[in-house]
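J.: Sharing a structure below in structure tokens format, with a few things to ask.
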Amino acid sequence: MTTSTDFAAPDVPLFDPTAPLTASGNLRRRDAVDRLVRVLATVAAAIGVGMLVIVVYSVVTKGASALSIGFVIHNPVGLVGGGIANALLGTLEIVTIAALIAVPIGVLTGLYLTEFAGADSRTGRALKLGLDLMQGIPTIVVGLFVYGLIVLPLHQESGFAGAVALAIVILPLMARSAQEVLLLVPGSLREAADALGVSRWRSVLTVILPAATGGIVTGAILAIARGAGETAPLLICDSIFNTQTTSLNPFHGIPSVPMYIYTITEEAVSGVFVRAWGAAFILLVMILLANLLARVILARSRAKMGAS
Amino acid sequence: MAGLSRAFARGARGAGETGDRVLFWLCAAAGVLVALTLGDIVYQLISNAGPAISRFGLGFIGHQVWEPHFGQMGAATLIYGTVVSSVMALAIAGPLGISIAIYLAMLASPKVRAVVGPLVEMLAAVPSIIYGFWGLIVLVPFVQSIEPGLNSALGWIPLFGPPQTTGISVFSAGLVLTFMILPIVASLSRDLFLTVPRELREGAAALGATQWEVIRGIVLPSTVSGVSAAMVLALGRALGEAIAVSLVIGDVSAIHASLFQPGATLAERIANQFVGASSNLLIASLWYCGLILLAIGLLTSLAARWIAGRFDVERSYARAVAA
Amino acid sequence: MTVWDSTEDRARDDQPVPARVRIRTGARTPTIASHRAQGVRINESRPVVFDIRDMSVYYGSNRALMGTSMKIRRNLVTAVIGPSGCGKSTFIRSLNRMNDSIPSFRLTGQVLYHGHDVYGAGVNRVEVRRRIGMVFQKPNPFPKSIYDNVAWAPRNLGLKSGLDERVERALKQAALWDEVKNRLRTSALGLSGGQQQRLCIARAIAVEPDVLLLDEPASALDPVSTASIEDLMHTLKNRYTIVIVTHNMQQAARVADQTAFFSLDRVDQVGTLIEYGDTETIFRSPKDTRTRDYVTGQFG
């Protein structure tokens with residue numbers, strides 16, 4: 090046992106313990122600083138929410154007047170008439186093609202990272218690095234790449250080229266969310282399948298992927314929502330300043346909602362901006378709804394996995 | 007009988023092995039595809055920029071004049087505009103985002119956090135075209151109205167020079183970029199703050215420290231590398247943004263000290279001049295700009311990874327930007 | 006060395022029994038304030054630090070702790086023992102308002118600290134924790150140097166002058182100085198578990214609180230570290246009032262002057278204070294059968 094001379098006599102106490110339990114010493118000042126920080130942080134959060142509110146409010150109020158059933162289901166008539174049905178369908182088509190490319194490749198990549206290469210293996214880390222780098226490439230550069238890859242050789246801008254560019258943009262997101270959700274599949278499921286002698290591919294197809302479906306669908310929805318709003322790749326690969334096109338052949342230029350809005354900013358005709366607001370309204374609503382939907386599905390699939 | 011069942015079993019195993027092999031090669035092919043795509047992107051950019059590289063060399067980066075008609079192109083003004091607008095956005099979104107993260111992680115009740123958090127994340131879900139369009143119609147006139155005031159109050163700083171007739175300016179571009187990168191800083195930082203173990207925060211509180219002292223002394227220091235990486239990622243996003251910036255910055259090749267002047271960035275110059283560009287040298291120069299942007303994008307990704315070290319900033323990033 | 010002299014059964018207090026004096030190293034000789042010479046424990050003459058009056062704790066609508074009343078006295082080690090889940094941690098954390106961070110936490114009754122209700126209106130929580138320090142079950146050193154771990158709280162309090170001496174004194178009192186004095190600037194995370202816990206104790210006493218609450222401080226440690234921390238109790242209580250939660254009865258018998266036995270009420274499953282008194286009585290001649298069952302190892 091240590092004997093320390095510091096126990097000789099108690100020092101003069103730093104405070105009177107019997108005094109009331111209000112701030113003593115420098116606590117008043119420190120409390121004031123603490124209160125100030127709280128206020129600043131709360132104000133910051135209010136600003137953050139306010140920023141979203143400002144943008145959404147503008148889009149909603151300015152776009153509402155352009156909205157009607159006709160706006161959604163009719164094709165444009167001249168510059169200021171009709172609707173944007175062709176652009177909506179075009180976006181749907183482009184995004185679908187992009188998803189058909191990116192989702193399977195993303196899931197396969199996620200499977201590779203979880204089933205075949207450990208997180209610490211050389212190929213695993215290289216692949217993750219590759220995905221990170223791909224995610225950091227500006228979307229306009231991706232557009233340039235696909236321009237050189239597809240548009241130049243075919244001498245033809247196309248919705249398909251735009252879709253390929255979008256697929257490259259959303260692939261890293263898809264791969265990462267697939268990997269995350271595949272990691273969440275309980276190890277016990279895998280072990281049970283192994284113990285039963287089930288071959289790897291069968292357990293992946295019938296046990297692991299079904300368990301991960303919720304998360305994969307969520308990731309796909311989010312990735313698609315992200316892709317629906319991307320303009321730069323479409324500008325380069327599917328640049329179609331003729332918003333009147335109603336053909337939906339993906340191997341030619343087809344219209345899309347982002348390009349529609351972008352094109353209108355070039356026009357100086359009165360009464361045309363409101364249509365862009367209307368298109369922005371629809372686009373924003375679609376994307377925000379997709380985000381909400383993804384969250385709901387995610388919450389439900391988390392509850393299911395937590396319960397199992 | 008026994009022989010038959012053994013053959014059957016072997017056959018079944020064989021099918022399992024084939025199936026396994028198919029699965030493996032499918033997955034590996036996906037991985038290889040990723041690598042090939044990356045490589046091809048680099049190759050395409052370099053080869054298509056070739057004519058401009060051989061004509062201008064590295065001087066392209068320092069040359070200020072951009073006159074396609076005279077065959078003179080230089081990216082200096084573009085690089086300047088890119089850097090200035092992005093740094094301005096980070097200067098605002100950085101502190102603001104960290105403050106929001108502090109609020110969400112440390113001060114808000116769980117119910118409030120569950121509402122405000124997703125709202126801030128939604129900022130990342132708004133497409134850049136909408137930010138650009140909104141910026142053009144709503145933000146630019148607003149900036150135009152406040153420019154004289156800012157100039158008279160802060161005019162002694164060269165950044166806030168004499169106001170322009172319109173609000174089209176580097177300043178507007180910086181503001182739009184702030185909207186776009188704020189959710190990245192806020193969401194990533196919030197996730198980081200929430201990983202600080204509860205025992206550490208409790209232990210600090212038990213020593214008679216105020217909430218701010220716990221944040222300042224424990225939470226912030228232990229997350230500094232992650233937060234820095236988040237800021238680098240946010241900066242990278244701002245550096246590469248084309249559409250939103252193109253609608254509010256004016257595409258003017260000039261370097262000014264004042265933020266209130268129009269300018270240009272690498273990404274928006276490509277967006278503005280690529281479609282319909284006729285001169286081959288112009289096209290190659292735009293590819294050259296793309297190449298510079300590619301280098302910037304790759305470098306910021308690498309820098310963020312290096313700064314974050316072991317922490318998995320990546321996963322939160324995916325959530326933040328996918329939202 | 007401790008010399009403990011027990012007197013006869015308290016039930017026979019109609020017979021005068023001379024009170025014997027307890028001798029412990031470094032203690033002041035206590036005065037016997039009571040008018041009853043027989044059956045008076047020296048402990049009960051000490052000033053009261055905590056006067057807990059019918060304290061109940063609820064988490065939402067679940068009652069976790071039954072109305073508890075007890076007095077904790079100055080410069081004594083008071084142990085809180087009982088089977089797991091009986092509310093010992095809840096009890097001790099309620100003394101310095103560490104349960105406030107739990108959203109559904111609710112407390113009724115009074116916790117009087119030197120006569121002031123800890124949960125009274127206008128009470129500053131930070132001030133409460135400044136006076137009533139706490140060491141947790143799992144060592145939780147900050148990811149800083151050893152020096153900065155100990156110096157952090159004093160710096161907050163503005164005790165900047167003489168910081169080196171303060172750190173040294175705290176580390177000495179926690180019996181850690183000799184082991185770390187040559188590597189004060191290295192990370193605290195490089196210390197062993199027992200050293201880390203002593204660092205946490207040094208951290209707590211560097212600001213010289215009035216009370217030290219220890220929530221199972223040695224339960225995550227090996228026997229050697231546990232022994233050194235128990236040794237600390239004997240020296241630390243000269244300066245501080247100590248309340249220690251432990252699930253180890255022998256530990257309580259070794260270090261504590263007073264012992265409180267908590268258990269789960271058989272009917273409601275609510276944590277209840279069964280018996281409280283000086284350690285000798287609790288262990289040798291407990292009044293309640295439940296106490297007797299527990300200390301003789303019948304359950305828990």
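Chains as they are written, first to last, in this note's numbering: chain A, 90 to 397; chain B, 7 to 329; chain C, 6 to 305. Note that beta-carbon positions come from the ideal geometry of N, C-alpha and C, so glycine has one too. Every value quoted in this text rests on a predicted model; they were computed, and no experiment measured them.
Hey, out of C:Ile151, C:Arg68, C:Pro222 and C:Asn161, whose CA is closest to glutamine 142 of chain C's CA?
T.: Walking along the third sequence from the start, residue 142 of chain C turns up at place 137. Comparing Cα-Cα distances from glutamine 142 of chain C to each of C:Ile151, C:Arg68, C:Pro222 and C:Asn161, the minimum goes to C:Pro222.
J.: Answer with yes or no whether the minimum CB distance from threonine 107 of chain A to chain C is below 8 Å.
T.: To locate residue 107 of chain A, count along the first sequence from 1; it is residue 18. At least one chain C Cβ lies under 8 Å of threonine 107 of chain A.
J.: Give me the Cβ distance between valine 260 of chain C and glutamate 280 of chain C, rounded to the nearest whole Å; I'm assuming they're in contact under 8 Å.
T.: Here residue 260 of chain C corresponds to residue number 255 of the third sequence, with the count starting at 1. Here residue 280 of chain C corresponds to residue number 275 of the third sequence, with the count starting at 1. Actually they do not touch by this definition, with Cβ atoms about 18 Å apart.
J.: Out of A:Ala134, A:Asp283, A:Leu271 and A:Thr320, which has the shortest C-alpha to C-alpha gap to proline 299 of chain A?
T.: Here residue 299 of chain A corresponds to residue number 210 of the first sequence, with the count starting at 1. Among A:Ala134, A:Asp283, A:Leu271 and A:Thr320, the Cα nearest to that of proline 299 of chain A is on A:Leu271.
J.: Listed in chain order, which residues of the stretch 208 to 220 of chain C have Cβ atoms closer than 9 Å to some Cβ of chain B?
T.: Result list: Arg208, Ala209, Ala211, Val212, Pro214 and Leu218.
J.: I'd like to check one pair, glycine 318 of chain A with valine 70 of chain A: are the Cβ atoms closer than 8 Å?
T.: Within the shown structure, residues of chain A are numbered from 90 to 397, placing residue 70 of chain A beyond reach of any answer.
J.: With distance defined between alpha-carbon atoms, name the residue in B:Pro147, B:Ile152, B:Leu113 and B:Val118 nearest to phenylalanine 199 of chain B.
T.: One-based indexing of the second sequence puts residue 199 of chain B at position 193. It is B:Leu113.
J.: Go through its chain and collect everything with a Cβ distance to threonine 95 of chain C's Cβ below 8 Å, but skip five positions before and after it.
T.: As a first step, residue 95 of chain C must be located in the third sequence, where it is residue number 90. For threonine 95 of chain C, where only same-chain residues beyond five positions count, the Cβ hits under 8 Å are Val62, Ala69, Leu70, Asn104 and Gly276.
J.: Spatial neighbours of glycine 114 of chain C within its chain, please: C-beta separation below 7 Å, excluding the five flanking residues on both sides.
T.: The sequence position of residue 114 of chain C within the third sequence is 109, counting from 1. Same-chain partners within the cutoff: Arg58, Asp59, Met60, Ser61 and Gly72.
J.: Could you spell out the range, first to last residue, of the beta strand (DSSP E) harbouring glutamine 263 of chain C?
T.: Residue numbering aside, residue 263 of chain C sits at position 258 when the third sequence is read from its first letter. Start and end: 263 to 269.
J.: Of the residues that make up the stretch 132 to 147 of chain C, which ones have a beta carbon closer than 7 Å to any beta carbon in chain B?
T.: The residues in question are Arg134, Arg135, Gly138, Met139, Phe141, Lys143, Asn145 and Phe147.
J.: So if I threshold CB-CB distances at 9 Å, which residues from the stretch 309 to 329 of chain A count as touching chain B?
T.: Those would be Leu311, Ala312, Ala314, Arg315, Ala317, Gly318, Glu319, Thr320, Ala321, Leu324, Ile325 and Ser328, in chain order.
J.: Please state whether DSSP places arginine 58 of chain C in a helix, a strand or coil.
T.: Position 53 of the third sequence, counting from 1, holds the residue named residue 58 of chain C. Arginine 58 of chain C falls in the strand class under three-state DSSP.
J.: Using the C-alpha atoms, what's the distance from arginine 315 of chain A back to histidine 244 of chain A?
T.: As a working mapping, residue 244 of chain A is identified with position 155 in the first sequence. As a working mapping, residue 315 of chain A is identified with position 226 in the first sequence. In a straight line, the C-alpha of histidine 244 of chain A is about 28 Å away from that of arginine 315 of chain A.
J.: How many Å lie between threonine 335 of chain A and threonine 185 of chain A at the Cα?
T.: By 1-based counting over the first sequence, the position of residue 335 of chain A is 246. By 1-based counting over the first sequence, the position of residue 185 of chain A is 96. Those two C-alpha atoms are separated by around 18 Å.
J.: Which chain A residues sit within Cβ distance under 7 Å of glycine 127 of chain C?
T.: If you number the third sequence from 1, residue 127 of chain C lands on position 122. Here the neighbours are Thr111.
J.: In chain B, what lies closer than 9 Å to alanine 175 of chain C by C-beta?
T.: Taking the first residue of the third sequence as position 1, residue 175 of chain C is located at position 170. The contacting residues do not exist; alanine 175 of chain C stays about 12 Å from chain B at best.
J.: Is it true that the CB of glutamate 274 of chain B sits closer than 8 Å to the CB of serine 134 of chain B?
T.: What you label residue 134 of chain B is simply residue 128 of the second sequence in a count that begins at 1. What you label residue 274 of chain B is simply residue 268 of the second sequence in a count that begins at 1. No, the Cβ-Cβ distance between serine 134 of chain B and glutamate 274 of chain B is not below 8 Å.
J.: Taking just the CA atoms, how far does proline 52 of chain C sit from tyrosine 120 of chain C?
T.: Start at 1 with the first residue of the third sequence, and residue 120 of chain C comes out as number 115. Start at 1 with the first residue of the third sequence, and residue 52 of chain C comes out as number 47. According to the sequence displayed, residue 120 of chain C carries glycine and not tyrosine. Between glycine 120 of chain C and proline 52 of chain C, the C-alpha separation is close to 11 Å.
J.: So the candidates are C:Leu217, C:Val131 and C:Asp298; which of them puts its Cα closest to the Cα of valine 54 of chain C?
T.: Translated into positions along the third sequence, residue 54 of chain C becomes position 49. When each option's Cα is compared against that of valine 54 of chain C, the closest is C:Leu217.
J.: Excluding the 5 residues flanking phenylalanine 266 of chain B on each side, which residues of the same chain have their C-beta closer than 6 Å to its C-beta?
T.: Here the question's residue 266 of chain B lines up with position 260 in the second sequence. Cβ neighbours of phenylalanine 266 of chain B beyond the five flanking positions: Glu153, Gly167, Pro169, Gln170, Ser175 and Phe177.
J.: Less than 8 Å between CB atoms is the rule here; does asparagine 380 of chain A satisfy it with respect to chain B?
T.: Position 291 of the first sequence, counting from 1, holds the residue named residue 380 of chain A. So yes, asparagine 380 of chain A belongs to the interface.
J.: Any residues in the stretch 148 to 170 of chain C with a beta carbon nearer than 9 Å to a beta carbon of chain A? Which ones, in chain order?
T.: Of all residues in the stretch 148 to 170 of chain C, Asn161, Leu162, Gly163 and Leu164 have a Cβ within less than 9 Å of some Cβ in chain A.
J.: Are leucine 156 of chain A and glycine 367 of chain A close, meaning C-beta to C-beta below 8 Å?
T.: As a first step, residue 156 of chain A must be located in the first sequence, where it is residue number 67. As a first step, residue 367 of chain A must be located in the first sequence, where it is residue number 278. Yes, these two residues count as a Cβ contact at 8 Å.
J.: Which runs of the alpha helix (DSSP H), 4 residues or longer, sit entirely within the stretch 68 to 128 of chain B?
T.: Runs found: 82 to 108 and 116 to 128.
J.: Could you check whether the Cβ of histidine 40 of chain C sits closer than 8 Å to any Cβ belonging to chain A?
T.: The residue labelled residue 40 of chain C in the question sits at position 35 within the third sequence. Low local confidence applies: a pLDDT of 30 at histidine 40 of chain C is under 50, so the model's placement there is unreliable, with the coordinate-based value given in what follows. Chain A, which has no Cβ nearer than 8 Å to the Cβ of histidine 40 of chain C, makes this no.
J.: According to DSSP, simplified to helix, strand and coil, what is aspartate 95 of chain A?
T.: Along the first sequence, read from residue 1 onward, the residue named residue 95 of chain A stands at position 6. Note on aspartate 95 of chain A: pLDDT 45, under 50, position unreliable in the model; the coordinate value appears next. Three-state result, aspartate 95 of chain A: helix.
J.: Determine the extent of the alpha helix (DSSP H) in which asparagine 286 of chain B is found, giving its start and end residues.
T.: On the second sequence, residue 286 of chain B is found 280 positions in, with the first residue counted as 1. Element bounds for asparagine 286 of chain B: 286 to 314.
J.: Helix, strand or coil for histidine 121 of chain C? Go by DSSP, reduced to three states.
T.: For the purposes of this step, residue 121 of chain C is taken as the residue at position 116 of the third sequence. Three-state DSSP puts histidine 121 of chain C in a strand.
J.: Tell me, please, whether the CB atom of threonine 216 of chain B is closer than 8 Å to any CB atom in chain C?
T.: Within the second sequence, numbered from 1, the residue matching residue 216 of chain B stands at position 210. Chain C, which has a Cβ nearer than 8 Å to the Cβ of threonine 216 of chain B, makes this yes.
J.: Return the bridge partner residues of proline 299 of chain A from the DSSP annotation.
T.: If you number the first sequence from 1, residue 299 of chain A lands on position 210. In DSSP, proline 299 of chain A forms no bridge with anything.
J.: So valine 229 of chain C contacts chain A; which residues on that side make the cut at Cβ distance below 8 Å?
T.: Numbered from 1 along the third sequence, position 224 holds the residue referred to as residue 229 of chain C. What valine 229 of chain C touches in chain A: nothing, since even the nearest Cβ is about 14 Å away.
J.: Would you call glycine 31 of chain C buried or exposed, if buried means 16 or more other Cβ atoms sit within 10 Å of its Cβ?
T.: Residue 31 of chain C sits at position 26 when you count from the first residue of the third sequence. Low confidence applies to glycine 31 of chain C: its pLDDT is 37, below 50, so where it sits in the model is not reliable, and the reading given next is rough at best. That one is exposed.
J.: Which word fits proline 242 of chain A, buried or exposed, when buried means at least 16 other C-beta atoms lie within 10 angstroms of its C-beta?
T.: Counting from 1 along the first sequence, the entry for residue 242 of chain A is found at position 153. With fewer than 16 other Cβ atoms within 10 Å, it is exposed.
J.: Would you call serine 1 of chain B buried or exposed, if buried means 16 or more other Cβ atoms sit within 10 Å of its Cβ?
T.: For residue 1 of chain B there is no data in the structure shown, the boundaries of chain B being 7 and 329.
J.: Do alanine 321 of chain A and methionine 263 of chain A have their C-beta atoms within less than 8 Å of each other?
T.: Your numbering for residue 321 of chain A matches position 232 in the first sequence. Your numbering for residue 263 of chain A matches position 174 in the first sequence. Cβ atoms of alanine 321 of chain A and methionine 263 of chain A: not closer than 8 Å.
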